[in-house]
DNA sequence: TTTAGCACTCCTTTTCCCGGAGTGCTAAAG
DNA sequence: CTTTAGCACTCCGGGAAAAGGAGTGCTAAA
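Residue numbers (the numbering used here), protein chains in the order written: chain A, 2 to 349; chain B, 2 to 349.
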């Protein structure tokens, strides 16, 4: 059976009322909501159809109807009106985007808190690299005969450095040569390639130098690996406790510890700039009873971030989606500005 | 009235039973626990005394007794037997101390998770610096005429670096002079002193150089300030939900959001290596109904860390205290090892 | 000082009952 | 064929009452 316009409208009303009240909604209330143009009996007939078609559910006979995941899906795909944010709201988003630029992971934490506060649900934020990171340049600075400083510039123009402590004394005048070696053989390659080369030069250099090189390479590998990891940060998990569906401590606990622990398992890959996953559409068991709205943003050219919101299936999808995409756009813009300066050559 | 030995023993039994069951404990149960040497009626008389003296409380007449904060305090101070950890337990602690040494804040996060898992309560970890941090040495490396790398070694032998982008072109051969300037005037001083000096040299150097210097100083100030901040990280907050006293979602929510937000307000300063704060002894309103066990550990010579556990007043103080101090000692040892190498001059 | 006995208190759980909201069906009306 | 009114029926939720039980406090005797 095709969905008549009236059925669609009824479904819409049901979803929106249920989202608001968290109570099953009855035929009378729907009739009222629709302006009294039809009677509750008519609505009842339609409801019965919609239930049969799987868009609505009843907790028990003689209770009102609530949307099934399928119903939410239809609502999100076709019925939901994209919500325009008020000026005040946009302003609020921009304000929460006044993030202090520090280390990436702190920034993520700030962003997570901001989003969570904005939508009043728990949120998570992550960033991951699109392309492989490599070292572009090495430098070695002498401190004394047992210590020197390793400075590396990575392919994304970030600089990292570390104090190297040497087991064997090294003549400070040897350092430039060592740096040259590093620059000629260990740049623009992944950690695997580095240790490869390290083996190759093992018997061509003095033992002191070799120790130094291997320390340098191991630090470089650490840096590259760590930067390559996807960093996930969650915020606002305790907001769950405010929701009637998580009044049950066990349920709340399950989801909250999932959020706290799962660094990898949160909904991640996605094709469109924003995706909505409703209840059982989630792969992870712990999220089967919840919905997730997740959007992506760009960090410069070479990293991508995810920003997601977790809530009950009864979620105000329109509101969350609007705010989330606003925030994601803001983040992209923010990082765009930051990144504009660095690796490019000229600017007028 | 003085506390007879028997009263003390009864108090001990009450505390321990209540900790175990979270239910008010009655005279009969106590009599049984004490081996049946006295009857429940006798116990009742004693209980009545203890209640009058403020060591015990009754939720209502005709309910069993539970310890008051005063009762817990006496228990902790005098009755509690320091718990010896089993070998297996010690092993477990050492195992969770296999923390991967990364950035300090990640290490804290790891430690927090480990402690929380160990004691099964939420935990928090922090680190703060005892002495003022300064820059010991600056270096500047040329990248191209508009970019150079600033490398700083701080007074705790950590190395930090940053890419500086210059508005005005600077001749790379000027950099050593600039570095000299930095080293002679901006080392071993706090951020305040730095900007002071910056003003002084303003009209003695070229504008290009001045811009460069001010960028360097501002980065240095950032680094020093950030490193000086006390970093707090919480873990395992969701464990609260498992406890009967936080079955009530509102109560749980209050405490959990407090834990999530309060970076500064968690019990901190302390005189002894370990402190136990019971219920109302906590200053913060949100902690009035909870107890906190907090221990300190050393990070090298110049930083100190705090590690705390938050739980209901009905907490197994002996167990938590034993594990926590074990963990704190382990951390001190861990950092001791790490720090042994660096700033010292010679080693045999 | 300890103990047994007993009445009494107060919480908790269970049961029962009732009201209300909502459905589904039928039959009549448009 | 669709819409509507009417009505019996279902089921939940809340409240009152009842039953049960754990524990106390007191008294009187050992």
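C-beta atoms are modelled at their ideal positions from N, C-alpha and C, and glycine is treated no differently. Predicted model, so just to flag it, every value in this text is computed and none were measured.
In the three-state reduction of the DSSP assignment, residue 154 of chain B falls in the strand class. If only complete runs of 4 or more residues are kept, the segment 152-230 of chain B shows the alpha helix (DSSP H) at 176-186, 192-202 and 208-229, in order along the chain. In this structure, residue 175 of chain B and residue 210 of chain B form a Cβ contact; the two beta carbons are roughly 7 Å apart against a cut-off of 8 Å. The Cβ atoms of residue 15 of chain B and residue 66 of chain B lie closer than 8 Å to each other.
Distance from the Cα of residue 57 of chain A is smallest, within the candidate group A:98, A:9 and A:21, for A:9. Judged by their CB atoms, residue 149 of chain B and residue 165 of chain B are nearer to each other than the 8 Å cut-off.
Neighbours of residue 140 of chain B in chain A, taken as residues whose beta carbon is under 7 Å from its own, are 142 in chain order. For residue 233 of chain B, the closest Cβ of chain A is not nearer than 8 Å.
A contact is defined here as three or more CB-CB pairs under 8 Å, and the segment 327-335 of chain B meets this definition with respect to the segment 97-105 of chain B. Look at residue 313 of chain A here: in three-state DSSP terms it is strand. The three-state reading of DSSP puts residue 57 of chain A in strand, counting E and B together. Relative to the Cα of residue 114 of chain B, the nearest Cα in the group B:239, B:246 and B:315 belongs to B:239. For residue 9 of chain B, the uninterrupted alpha helix (DSSP H) run begins and ends at 6-22, by DSSP.
At the C-beta level, residue 337 of chain B and residue 314 of chain B stay beyond 8 Å of one another. For residue 213 of chain B and residue 223 of chain B, the gap between their C-alpha atoms comes out near 16 Å. At least one CB atom of chain B sits nearer than 8 Å to the CB of residue 154 of chain A. Under the three-state reduction of DSSP, residue 129 of chain A is assigned to strand.
In the three-state reduction of the DSSP assignment, residue 319 of chain A falls in the helix class, which pools H, G and I. When Cβ-Cβ separations below 8 Å define contact, residue 150 of chain B makes contact with chain A. Put simply, the segment 252-267 of chain A touches the segment 286-306 of chain A. At least three CB pairs are less than 8 Å apart.
With a cut-off of 8 Å on Cβ pairs, the segment 168-185 of chain B is not in contact with the segment 124-131 of chain B, counting fewer than three such pairs.
In this structure, the straight-line span from the alpha carbon of residue 108 of chain B to that of residue 248 of chain B is close to 32 Å. Rounded to the nearest whole angstrom, the CA to CA distance from residue 226 of chain A to residue 194 of chain A is 13 Å. When secondary structure is reduced to three states using DSSP, residue 116 of chain A falls in the helix class. Inclusion of residue 22 of chain B and residue 123 of chain B in the CB contact set at 8 Å is not warranted, their separation being larger than that value. For residue 162 of chain B, the closest alpha carbon among the candidates A:178, A:24, A:152 and A:168 is that of A:152.
Counting along the chain, the unbroken beta strand (DSSP E) around residue 275 of chain B starts and ends at 275-278. At least 8 Å separates the beta-carbon of residue 327 of chain A from that of residue 12 of chain A. In the three-state reduction of the DSSP assignment, residue 66 of chain B falls in the strand class, which pools E and B. The C-alpha of residue 18 of chain A is placed about 55 Å away from the C-alpha of residue 31 of chain B.
As the crow flies, the alpha-carbon of residue 262 of chain B is around 9 Å from that of residue 237 of chain A. Inside the segment 252-299 of chain A, DSSP marks no whole alpha helix (DSSP H) run of 4 or more residues. Residue state for residue 77 of chain A is assigned as helix, using DSSP reduced to three classes.
Rounded to whole angstroms, the gap between the alpha carbons of residue 68 of chain A and residue 117 of chain B is 40 Å. Residue 220 of chain A and residue 144 of chain A have their C-alpha atoms roughly 18 Å apart. Legend: CB atoms of the segment 252-266 of chain B lying less than 7 Å from CB atoms of chain A belong to residues 253, 254, 257, 258 and 261.
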